[in-house]
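Asker: Numbering-wise, my numbering comes out as the position in the sequence shown, counting from 1, plus 3.
Shown below is the structure under consideration.
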Amino acid sequence: MLWYTFLTGLLIFVKLTSATHLTYSIETYSSVMTSLLSNYSSKIRPIKNQGGSLQMSIDLFLANINDISTTEQKMTTTGYLKVKWTDELLVWNSTTTGMYWMQFNQKDIWIPDVVVKNGLTAFKMMGGDFYYVYVYNDGAVYWYPYTVFETSCNLDVTYFPFDTQTCSVIIKSWSYSRWEVNFTIGSDIIGFNEFVPNSIWDLISYDATTDYTDSATDISFNLKLKRKPRYFVLNLILPIVFVSILNLIVFIIPADAGEKMGYSVTIFLTFAVFLTIVSAELPMNSDSTSILNIYLIIELTISIMGIIISSVQLRLNHRKPGKRIGAVFCKLVRAGRKMRCEKRKVNDSRQGCFSKPCRGAGDTRIIDVMACENSTKFHREEGVVEEEEDEIEWSDVASAIDFFSFWILLSVQVIVTTVLFSYAASN
4 MLWYTFLTGL LIFVKLTSAT HLTYSIETYS SVMTSLLSNY SSKIRPIKNQ GGSLQMSIDL
64 FLANINDIST TEQKMTTTGY LKVKWTDELL VWNSTTTGMY WMQFNQKDIW IPDVVVKNGL
124 TAFKMMGGDF YYVYVYNDGA VYWYPYTVFE TSCNLDVTYF PFDTQTCSVI IKSWSYSRWE
184 VNFTIGSDII GFNEFVPNSI WDLISYDATT DYTDSATDIS FNLKLKRKPR YFVLNLILPI
244 VFVSILNLIV FIIPADAGEK MGYSVTIFLT FAVFLTIVSA ELPMNSDSTS ILNIYLIIEL
304 TISIMGIIIS SVQLRLNHRK PGKRIGAVFC KLVRAGRKMR CEKRKVNDSR QGCFSKPCRG
364 AGDTRIIDVM ACENSTKFHR EEGVVEEEED EIEWSDVASA IDFFSFWILL SVQVIVTTVL
424 FSYAASN
């Protein structure tokens, strides 16, 4: 076992030693570099035919998608470019020198002025004086400028937080036209060798396109991202839906409880706070409106309707018993009683939801037709007499308003919630 470990270690050491290119002296390295740079100018394109175009391939390697700011309309990513071209002035004989590649400082040789066209930070050339580039004996140059890309991104927040966005990193040469330096997409397009997934966004697809604008060539690396909605569903949407359910409880609270108006105003203020929270997550523009924002405005409208209805209802509930009840209110109460199956039958122990006859416009004995249009109907069928007494008070009117308001707004609530969120989730 010991011999096996020793041989394995020796084999790895031999492979690592043979894999290096350090088979030449420092004098040879210095002599070749001095010879190559003796008549070299970093200000001239490294192509012998200066009338031709220098072909250059670019790939993007992503390390992180740091952030996509919806409010600032920007994407922040970390990565580097793989830029490859051929420098016809940096060619040497690898057989006589024993060197297949060398490293040159970026400031010593010609480097393309690559910039991020849609960047949001300081407009400057990528790379730096501390960068080194790899140059092979046939003149192939590999440059890997690493940076944090802060690029503008036009975000459509209509389906927030179920939205899908497409953001781009656009690379171009600022000074050279495409007849002098022509950018092409490399074989890797977008690489993910060191990529760390984002906790909020999923990268679902990517591509690269070439755009010939005027005399320049733009390389656009496009990322299609889908937001992970779980955080927003648990911390934003579900609380809003729960509060919207509480919005209807105001019509269950009796008018005499004394807490009806206070409860309505509290729910209204709760939706106002949620609207502020959602607005802080969305951009300040009029190009797109979030469905969640629309839902909150609808809920605010329902809450305002609840306050108005409760105000009118409390006003009616505290009217004097002798005041005339209109025909519309009487019909509303009768309809509510029929829907709740509240009937009074003679010779039957079942008395419905009320055990004593309610009184109309102030007289306990005489039924006032003008006050409430009360009537007593007798139906004889198989010897059974059914008597339906219809005596109404203002408290009955308030109860009927609660009943119809609850079911009407509940239906609106269910329809709006189902339609809006189903539509948002499907897109």
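Note that CB positions come from ideal geometry on N, CA and C, so glycine has one too.
Just verifying my parser: in three-state terms, what is the DSSP assignment at Asp116?
Answerer: Sequence index remark: in the sequence shown, residue 116 carries index 113 (1-based). Asp116 falls in the coil class under three-state DSSP.
Asker: Quick one: complete alpha helix (DSSP H) runs, 4+ long, within the stretch 229–308?
Answerer: Entirely contained in the stretch 229–308, the alpha helix (DSSP H) runs reaching 4 residues are, in chain order, 241–249 and 263–284.
Asker: Which residues in the same chain as Val138 place their Cβ atom closer than 6 Å to its Cβ, once the five residues preceding and following it in sequence are excluded?
Answerer: Residue 138 sits at position 135 when you count from the first residue of the sequence shown. Only Leu93, Met105, Phe107 and Val144 meet the Cβ criterion.
Asker: I'd like the span of the beta strand (DSSP E) that includes Phe406, first residue to last.
Answerer: Along the sequence shown, read from residue 1 onward, the residue named residue 406 stands at position 403. Taken as a continuous stretch (DSSP letters only), Phe406 belongs to no beta strand (DSSP E), being part of the alpha helix (DSSP H) at Trp397 to Ser429.
Asker: Does the stretch 81–93 come into contact with the stretch 213–220, if we say contact requires no fewer than three beta-carbon pairs (one atom in each stretch) closer than 8 Å?
Answerer: With the cut-off at 8 Å, the stretch 81–93 and the stretch 213–220 do not touch.
Asker: Assuming Met59 contacts Pro115 (C-beta within less than 8 Å), just tell me the rounded distance between them.
Answerer: Start at 1 with the first residue of the sequence shown, and residue 59 comes out as number 56. Start at 1 with the first residue of the sequence shown, and residue 115 comes out as number 112. About 6 Å separates the two Cβ atoms, so the contact holds.
Asker: Which of the three DSSP states, helix, strand or coil, is assigned to Tyr32?
Answerer: By 1-based counting over the sequence shown, the position of residue 32 is 29. DSSP places Tyr32 in helix when its eight states are reduced to three.
Asker: Indicate whether Val172 and Phe224 have their beta-carbon atoms separated by less than 8 Å.
Answerer: The residue labelled residue 172 in the question sits at position 169 within the sequence shown. The residue labelled residue 224 in the question sits at position 221 within the sequence shown. Result yes, Cβ atoms of Val172 and Phe224 sit closer than 8 Å.
Asker: Sort out for me which residues DSSP pairs Tyr103 with in a bridge.
Answerer: Sequence index remark: in the sequence shown, residue 103 carries index 100 (1-based). BP columns for Tyr103 are empty, so no partner.
Asker: According to DSSP, is Gly339 part of a helix, a strand, or is it coil?
Answerer: Reading the sequence shown from its first residue, position 336 is the one you call residue 339. The answer is helix: DSSP assigns Gly339 an H, G or I state.
Asker: Can the beta-carbon of Lys87 be found closer than 8 Å to that of Glu153?
Answerer: If you number the sequence shown from 1, residue 87 lands on position 84. If you number the sequence shown from 1, residue 153 lands on position 150. No, they are not a contact pair.
Asker: So Ala66 and Glu197 are supposed to be a Cβ contact under 8 Å. How far apart are they, rounded?
Answerer: Sequence index remark: in the sequence shown, residue 66 carries index 63 (1-based). Sequence index remark: in the sequence shown, residue 197 carries index 194 (1-based). That belief holds up - the Cβ atoms of Ala66 and Glu197 are roughly 5 Å apart, short of 8 Å.
Asker: Sort Phe274, Gln416, Ile311 and Ile310 by Cα distance to Asn296 and report the nearest one.
Answerer: In the sequence shown, counting from the first residue as 1, residue 296 sits at position 293. It is Phe274.
Asker: Excluding the five sequence neighbours on either side, which residues of its own chain have a C-beta within less than 6 Å of the C-beta of Ile203, listed in chain order?
Answerer: Residue mapping note: residue 203 aligns to position 200 of the sequence shown, counting from 1. Result list for Ile203: Lys231, in chain order.
Asker: Assign Gln316 to buried or exposed, taking buried as 16 or more other Cβ atoms, counted over all protein chains shown, within 10 Å of its Cβ.
Answerer: By one-based count along the sequence shown, residue 316 stands at place 313. Classification of Gln316: buried, given that the 10 Å Cβ count is 16 or more.
Asker: What are the residues that DSSP puts in a beta bridge with Ile173?
Answerer: Position 170 of the sequence shown, counted from the first residue, corresponds to residue 173. Ser223.
Asker: Taking all protein chains shown into account, do 16 or more other C-beta atoms lie within 10 angstroms of the C-beta of Val160, making it buried, or fewer, making it exposed?
Answerer: Position 157 of the sequence shown holds residue 160. Classification for Val160: buried.
Asker: Excluding the 5 residues preceding and the 5 following Arg181 in the sequence, name in chain order all residues of the same chain whose CB lies nearer than 8 Å to its CB.
Answerer: As a working note, residue 181 is residue 178 in the sequence shown. If we look at Arg181 and ignore the five residues flanking it on each side, its Cβ neighbours are Ser56, Tyr215, Ser218, Ala219 and Thr220.
Asker: Once the 5 residues before and after Val387 are set aside, which same chain residues still bring their CB inside 7 Å of it?
Answerer: Translated into the one-based positions of the sequence shown, residue 387 becomes position 384. With a pLDDT of only 40 at Val387, under the threshold of 50, the placement of this residue in the model should not be trusted; the figure read from the coordinates follows. None.
Asker: Thinking C-beta only, is Trp113 closer than 8 Å to Ile71?
Answerer: Working through the sequence shown from its first residue, we reach residue 71 at position 68. Working through the sequence shown from its first residue, we reach residue 113 at position 110. Result no, Cβ atoms of Ile71 and Trp113 do not sit closer than 8 Å.
Asker: Given the structure, does Asp191 come close to the ligand NAP, in the sense that its CB is under 7 Å from one of the ligand's heavy atoms?
Answerer: In terms of ligand content, the structure shown is empty, and the ligand NAP therefore cannot be addressed.
Asker: Enumerate in chain order the residues of its own chain whose CB-to-CB distance from Thr8 is below 8 Å, with the five nearest sequence positions on each side excluded.
Answerer: The residue given as residue 8 occupies position 5 in the sequence shown. A caution first: Thr8 carries a pLDDT of 43, below 50, which makes its placement in the model unreliable, though a value can still be read off. If we look at Thr8 and ignore the five residues flanking it on each side, it has no Cβ neighbours.
Asker: For Lys175, is the classification buried or exposed, using 16 other Cβ atoms within 10 angstroms of its Cβ as the cut-off for buried?
Answerer: The count along the sequence shown starts at 1 and reaches residue 175 at position 172. By the neighbour-count rule (16 or more Cβ atoms within 10 Å), Lys175 is buried.
Asker: Going by the beta-carbon positions, is the gap between Ser267 and Ser293 smaller than 8 Å?
Answerer: Position 264 of the sequence shown, counted from the first residue, corresponds to residue 267. Position 290 of the sequence shown, counted from the first residue, corresponds to residue 293. Their beta carbons are not under 8 Å apart, which means Ser267 does not touch Ser293 by this criterion.
Asker: Would you mind reading off the limits of the beta strand (DSSP E) that contains Leu57?
Answerer: Stepping through the sequence shown from its first residue, residue 57 is reached at position 54. Per DSSP, Leu57 belongs to the beta strand (DSSP E) from Leu57 to Ser72.
Asker: Using a threshold of 8 Å, state whether the C-beta atoms of Val331 and Asp399 are closer than that.
Answerer: If you number the sequence shown from 1, residue 331 lands on position 328. If you number the sequence shown from 1, residue 399 lands on position 396. No, these two residues do not count as a Cβ contact at 8 Å.
Asker: Comparing alpha-carbon positions, which option in Trp146, Ile411, Cys344 and Tyr179 lies nearest Gly54?
Answerer: Translated into the one-based positions of the sequence shown, residue 54 becomes position 51. Selected option, being the one with the closest Cα: Tyr179.
Asker: Look at Lys227 and Ser247 and say whether their C-beta atoms are less than 8 Å apart.
Answerer: The residue you call residue 227 lines up with position 224 of the sequence shown. The residue you call residue 247 lines up with position 244 of the sequence shown. No. Outside cutoff.
Asker: Short of 8 Å in beta carbon distance, which residues of its chain neighbour Met342, apart from the five on each side in sequence? Order them along the chain.
Answerer: Taking the first residue of the sequence shown as 1, we reach residue 342 at position 339. Result list for Met342: Phe406, in chain order.
Asker: In three-state terms, what does DSSP make of Asn108?
Answerer: In the sequence shown, residue 108 corresponds to position 105, counting from 1. Here Asn108 sits in strand by DSSP.
Asker: Classify Thr161 as helix, strand or coil using the three-state DSSP reduction.
Answerer: Indexing the sequence shown from 1 puts residue 161 at position 158. In the structure shown, Thr161 sits in coil (DSSP, three-state: anything other than H, G, I, E or B).
Asker: Could you have a look at Phe198 and say whether DSSP puts it in helix, strand or coil?
Answerer: As a first step, residue 198 must be located in the sequence shown, where it is residue number 195. Reduced to three states, the DSSP call for Phe198 is coil.
Asker: Flag this pair as yes or no: are the beta carbons of Leu251 and Phe409 separated by less than 8 Å?
Answerer: As a position in the sequence shown, residue 251 is number 248, starting the count at 1. As a position in the sequence shown, residue 409 is number 406, starting the count at 1. In this structure, Phe409 lies closer than 8 Å to Leu251 by Cβ.
Asker: Quick one: what's Ser155 bridged to in DSSP?
Answerer: What you label residue 155 is simply residue 152 of the sequence shown in a count that begins at 1. Ser155 is bridged to Lys77.
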